[in-house]
């Protein structure tokens, strides 16, 4: 069967995702596949494509099938149990870069590193930056290490295993960034099965959904230098709540919306 015949078979999976899948199996760039529509697909590749496509149709994340996913213009390895990079999280990187000068030594902290896509993207755009990043998941830390080596920033990337600031000693970071869990625990069973594969600890914050921001706010002053800033991803309905948590402790902050007009990021400063 030819490429175009495979791609245009009826499926509830988007054409873009079907193209990414077939390109992955053919070991070509998905952008090149559009120029290869008359290529005869080897039988074994066709069999694998139809098998994997069925899994994706049933809800298994395409990202895990591919073993990688794009974030901020680069590809990152992904694995089950670790949060998949998402386009809306790129806003964290954009907002941090707006506030990071290109000269002078900078030291940043990421809480909950996951694949490492946030820290690594920042390191690739600021050669004067070093990042310290932690996670409670050893799988995430190993994955972040591999991604940092892949993108050749491992010499400026320092990983630790711990719950939020544990086991760090108080230190003055120029900024702190995080995409923490922010889904209330009573929603866990209603989440799509494919989403739950990213891991309970990657997604669920607690009863309310904003517990991690409360915990971070109580220790932030010990780790963020005066004049430093923080940038955190939030749930679409948590803007005012999270903003209030930090302003209640004397931080200046604002809520930023994503391209869909929903609350997505809280940025704040320590003065």
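In this note's numbering, the protein residues as written are 107 to 377.
Glycine residues also receive a C-beta, built at the ideal position from the N, C-alpha and C atoms.
Counting along the chain, residue 109 sits inside no beta strand (DSSP E); it lies in the alpha helix (DSSP H) bounded by residues 109–113. Around the beta carbon of residue 175, a 10 Å sphere encloses 16 or more other beta carbons of the protein chains shown; the residue is thus reported as buried. Around the beta carbon of residue 192, a 10 Å sphere encloses fewer than 16 other beta carbons of the protein chains shown; the residue is thus reported as exposed. Residues 190, 300 and 303 of the same chain have their beta carbon placed closer than 7 Å to that of residue 167, with the five preceding and five following residues left out of the count. Looking at the backbone, the Cα of residue 344 and that of residue 316 are separated by about 8 Å. Runs of the beta strand (DSSP E) spanning 3 or more residues and lying entirely within the stretch 314–372 occur at 330–339 and 358–363, in chain order. The continuous beta strand (DSSP E) containing residue 214 extends over residues 212–217. Excluding its 5 nearest sequence neighbours in each direction, residue 215 has C-beta neighbours in its own chain below 6 Å: 238, 279 and 282, listed in chain order.
Burial state of residue 318 is buried, judged by a 10 Å Cβ sphere holding 16 or more other Cβ atoms. Scanning its chain for C-beta atoms nearer than 6 Å, with the 5 sequence neighbours on each side dropped, one finds around residue 268 the residues 240, in chain order.
Taking 8 Å as the cut-off, the beta carbon of residue 270 is found no closer than this to the beta carbon of residue 224. Residues 271 of the same chain have their beta carbon placed closer than 6 Å to that of residue 325, with the five preceding and five following residues left out of the count.
Rounded to whole angstroms, the separation of the alpha carbons of residue 183 and residue 252 is 8 Å.
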